[in-house]
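Heads up, the sequence shown is in the numbering used here, so the first residue is 15 and it goes up one at a time. Below you'll find the structure, written out as structure tokens, and then a few comments.
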Amino acid sequence: MVKVAKSLEQCPFCSHKDVRLYNKTLFIWRCLSCGLLFRKISESEFVKLYKDAWSDSGKHIDEIGVTTLDLARSYLQKIAESLGLESFSGLKILDFGTGRGEMLTALSESGADAYGIDPFSYNYLDGRNFKVFRGIEKIPEEVSFDGIIANDVIEHLFSPKDRIKDLYKLLKNGGWLYIATPNNSSLNARVFMSGWREFYNPGHIWFFNSVCLERIFSELGIAKYKRLHWFIQYDRNPLRKLIHYLLRFSELDGVLRYILRK
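What follows is the structure, given as structure tokens:
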């Protein structure tokens, strides 16, 4: 059970003092100024959560990665289309928050020179002969990447703004960084409110909206970014496909997706 503070003096993101308890059961907080939703957790509790998850990965699938290989392939196809690329062949690409390695497998299939970062699954990935680092600080200074993928990762990070800054620095000139994270302004989030399903993943610390994310980019001096609205076929039901299509264009889709360029 993650311990959380029962009172807060200010938003950890914008420092505004108008912060309210949003979900009393899970202790999710909401900033009435910037709209950020967040779970208060200490760094030691954060580390323990993921160490425990990897010690019994069968019971903690949400923390160690839920992206299947088929989904990873679909994401890569959409990223390539968004970048105007025919393939990733010959490109050096880093998958940040690699989890079980499905994205690395898909990248390798596409011809990319694929690398991963994950401090908690490092031993697992190394045992599967992936090229992987325990952390950003382990990457040699002379190494840079054509592209970096952070798919469903930043909501799990203790310091997401710092990590986005670090990842952006690792890009070659002209390189790109893909970021995807749950959208706290999505239709699901608005309908279910404090019962939104994303709150029930204990590894989710931050729940962003587009305003919060774009403010981070601006504060980091990142001017070249674009929000993406994709159709990913999770369901073959035609009615659900139509609903998903409409949500994308109303900007109420469930995932915030961005491409940042250097």
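Heads up, the beta-carbon is just placed ideally off N, CA and C, and yes, glycines get one too.
Under a Cβ-count criterion, where at least 16 other Cβ atoms within 10 Å of its own Cβ denotes burial, should Tyr-214 be classed as buried or exposed? Along the sequence shown, read from residue 1 onward, the residue named residue 214 stands at position 200. Burial state of Tyr-214 is exposed, judged by a 10 Å Cβ sphere holding fewer than 16 other Cβ atoms.
Taking the alpha helix (DSSP H) that Lys-179 falls in, what are its first and last residues? For the purposes of this step, residue 179 is identified with residue 165 of the sequence shown, where counting begins at 1. Secondary structure note for Lys-179: its alpha helix (DSSP H) is the uninterrupted segment 174-183.
Compute the Euclidean distance between the alpha carbons of Arg-87 and Gly-111, then round it to the nearest angstrom. Along the sequence shown, read from residue 1 onward, the residue named residue 87 stands at position 73. Along the sequence shown, read from residue 1 onward, the residue named residue 111 stands at position 97. Cα to Cα, the separation comes out at about 17 Å.
To which residues of the same chain is Leu-118 closer than 7 Å at the C-beta, ignoring the five residues directly before and after it? Working through the sequence shown from its first residue, we reach residue 118 at position 104. Cβ within range, chain order: Asp-109, Thr-112, Ala-128, Gly-130, Phe-144.
Please go through the stretch 92-117 and give each complete alpha helix (DSSP H) segment of 4 or more residues, from N-terminal end onward. Fully enclosed alpha helix (DSSP H) runs of 4 or longer: not present.
Here's a check: name, in chain order, each residue in its chain whose Cβ is nearer than 7 Å to the Cβ of Leu-242, leaving out the five neighbours to either side. Position 228 of the sequence shown, counted from the start, is the residue given in the question as residue 242. Listed in chain order, the non-local C-beta contacts of Leu-242 below 7 Å within the same chain comprise Ser-96, Arg-271, Tyr-272, Ile-273, local neighbours out to five positions each way being set aside.
Distance, Phe-206 Cα to Tyr-29 Cα: Position 15 of the sequence shown, counted from the start, is the residue given in the question as residue 29. Position 192 of the sequence shown, counted from the start, is the residue given in the question as residue 206. The residue you asked about is not Tyr; residue 29 is Ser in the sequence shown. The alpha-carbon atoms of Ser-29 and Phe-206 are separated by roughly 27 Å.
Below 7 Å CB to CB, which residues in the same chain sit around Gly-57 once its five sequence neighbours on both sides are set aside? For the purposes of this step, residue 57 is identified with residue 43 of the sequence shown, where counting begins at 1. According to the sequence provided, residue 57 is Glu. The question's Gly does not apply to it. Excluding residues within five positions, the ones whose Cβ falls inside 7 Å are Phe-172.
Straight-line gap, Gly-98 to Gln-91 (C-alpha atoms, nearest Å): In the sequence shown, residue 98 corresponds to position 84, counting from 1. In the sequence shown, residue 91 corresponds to position 77, counting from 1. Whole-angstrom Cα-Cα distance: 10 Å.
Buried or exposed for Gly-72, please, with buried defined as at least 16 other CB atoms from any protein chain shown within 10 angstroms of its CB. One-based indexing of the sequence shown puts residue 72 at position 58. Any reading at Gly-72 is ruled out, since the residue's pLDDT is 45, under 50, leaving its predicted position unreliable.
If you follow the beta strand (DSSP E) that Tyr-272 is part of, which residue opens it and which one closes it? Reading the sequence shown from its first residue, position 258 is the one you call residue 272. 269-275 is the extent of the beta strand (DSSP E) around Tyr-272.
Can you pull the DSSP bridge partners for Leu-242? In the sequence shown, the residue the question calls residue 242 occupies position 228. Its beta-bridge partners are Arg-271.
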